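Everything on this sheet refers to the single structure shown next.
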Amino acid sequence: MSLRDAVLAALLEGESSGYDLAKDFDASVANFWMATPQQLYRELDRLAEQGLIRARVVQQERRPNKRLFSLTEAGHDAIREFTARAPKPSAIRDELLIKVQAADAGDARAVREFIVERLQWATAKLQRYERLRARILDGHAEGEFLAHAERIGPYLTLLRGIAFEEENVRWAERALDVIDHRMAARPKQNPSSPRRRAAAGRAAHPDRPRERSPRR
Numbered sequence: 001m002s003l004r005d006a007v008l009a010a011l012l013e014g015e016s017s018g019y020d021l022a023k024d025f026d027a028s029v030a031n032f033w034m035a036t037p038q039q040l041y042r043e044l045d046r047l048a049e050q051g052l053i054r055a056r057v058v059q060q061e062r063r064p065n066k067r068l069f070s071l072t073e074a075g076h077d078a079i080r081e082f083t084a085r086a087p088k089p090s091a092i093r094d095e096l097l098i099k100v101q102a103a104d105a106g107d108a109r110a111v112r113e114f115i116v117e118r119l120q121w122a123t124a125k126l127q128r129y130e131r132l133r134a135r136i137l138d139g140h141a142e143g144e145f146l147a148h149a150e151r152i153g154p155y156l157t158l159l160r161g162i163a164f165e166e167e168n169v170r171w172a173e174r175a176l177d178v179i180d181h182r183m184a185a186r187p188k189q190n191p192s193s194p195r196r197r198a199a200a201g202r203a204a205h206p207d208r209p210r211e212r213s214p215r216r
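With the working numbering applied, the sequence shown closes on residue 216, and no number is skipped along the way.
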């Protein structure tokens with residue numbers, strides 16, 4: 001899949017300016033395919049040159065003219081071709097999970113804070129997705145909407161985004177619970193204590209012989 005396919009799919013919602021497409025993209029397609037507004041604008045220009053979309057210029061008073069983009073028949077053909085191809089396996093790369101895996105030998109407290117940030121981020125996204133879900137349903141029951149809506153693809157992908165963030169919330173809460181219990185069970189050590197200073201000295205100078213206490 002490429003950004004081209006994501007932009008064509010987003011334009012199935014209807015004619016849109018680059019600005020509005022970027023906003024809608026951020027609230028829908030960006031759930032599973034990230035792109036900056038600058039990338040979207042460049043892709044719109046390429047798609048127009050390829051004949052997959054058309055651009056209509058709208059004259060505006062006291063404001064710059066804007067272009068509205070819509071799919072051409074060739075664009076619809078490209079979507080049909082794209083949806084007929086088998087998808088590539090998805091690969092997840094998450095730096096936080098690598099940090100969690102190494103936390104026992106690293107800065108566990110810092111990693112805990114990163115998990116807190118992930119929890120806050122996932123909670124905020126989940127709330128945003130639920131607002132979008134309510135807007136899509138527009139007061140209708142889900143079953144009624146799914147039975148009569150012209151298009152259900154955007155709603156189904158939104159459900160996937162909701163499920164993903166719900167799982168992020170569950171995992172983060174569970175991870176924090178485990179980490180907090182382990183931290184509470186371990187006695188705090190004073191880094192300035194003689195024993196800790198001696199251990200630090202041995203680690204810094206492993207070849208230095210240990211000092212022996214004088215016999216009495």
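We treat Cβ as the ideally placed atom computed from N, Cα and C, and that holds for glycine.
Since this is a predicted model, take the numbers as computed values, not measurements.
Three-state class that DSSP yields for residue 88 in the structure shown:
Note: residue 88 maps to coil in three-state DSSP.
So, with DSSP's three-state summary, where would you put residue 136?
DSSP places residue 136 in helix when its eight states are reduced to three.
Backbone CA spacing between residue 49 and residue 55 [nearest angstrom]:
Computed Cα separation, rounded: 10 Å.
What is the C-beta distance between residue 122 and residue 84, in whole angstroms, given that I count them as a contact (C-beta under 8 Å)?
Not quite, the Cβ-Cβ distance comes to about 34 Å (not below 8 Å), so this is no contact.
Counting C-beta neighbours from all protein chains within 10 Å, is the total for residue 175 16 or more, i.e. buried, or is it exposed?
Residue 175 sits buried, since 16 or more C-beta atoms from the chains shown fall within 10 Å of its C-beta.
Less than 8 Å between the CB of residue 147 and some heavy atom of the ligand ADP, yes or no?
As far as ligands go, the structure on display features none, and thus does not contain the ligand ADP.
Residue 69 and residue 8 look like a contact to me (Cβ under 8 Å); what is the Cβ gap, rounded to whole Å?
The Cβ separation is near 10 Å, so there is no contact.
Would you mind working out which of 119, 34, 116, 155 sits nearest residue 135, comparing C-alpha positions?
When only C-alpha atoms are compared, the closest one is 155.
Which residues in the same chain have their Cβ closer than 6 Å to the Cβ of residue 57, if we skip the five residues on either side of it in sequence?
Closer than 6 Å at Cβ, skipping near neighbours: 65, 67.
Tell me, please, which residues DSSP counts as bridged to residue 93.
Residue 93 is not bridged to any residue.
Measuring alpha carbon to alpha carbon, tell me which residue in 108, 141, 142, 139 is nearest residue 182.
Here the closest residue by C-alpha is 108.
List the DSSP bridge partners of residue 66.
Answer by DSSP bridge pairing, in chain order: 58.
Tell me whether the beta-carbon of residue 52 lies closer than 9 Å to the beta-carbon of residue 40.
Cβ distance not < 9 Å, so residue 52 and residue 40 don't count as in contact.
What first and last residue would you give for the alpha helix (DSSP H) that runs through residue 178?
Residue 178 -> alpha helix (DSSP H) spans 153–185.
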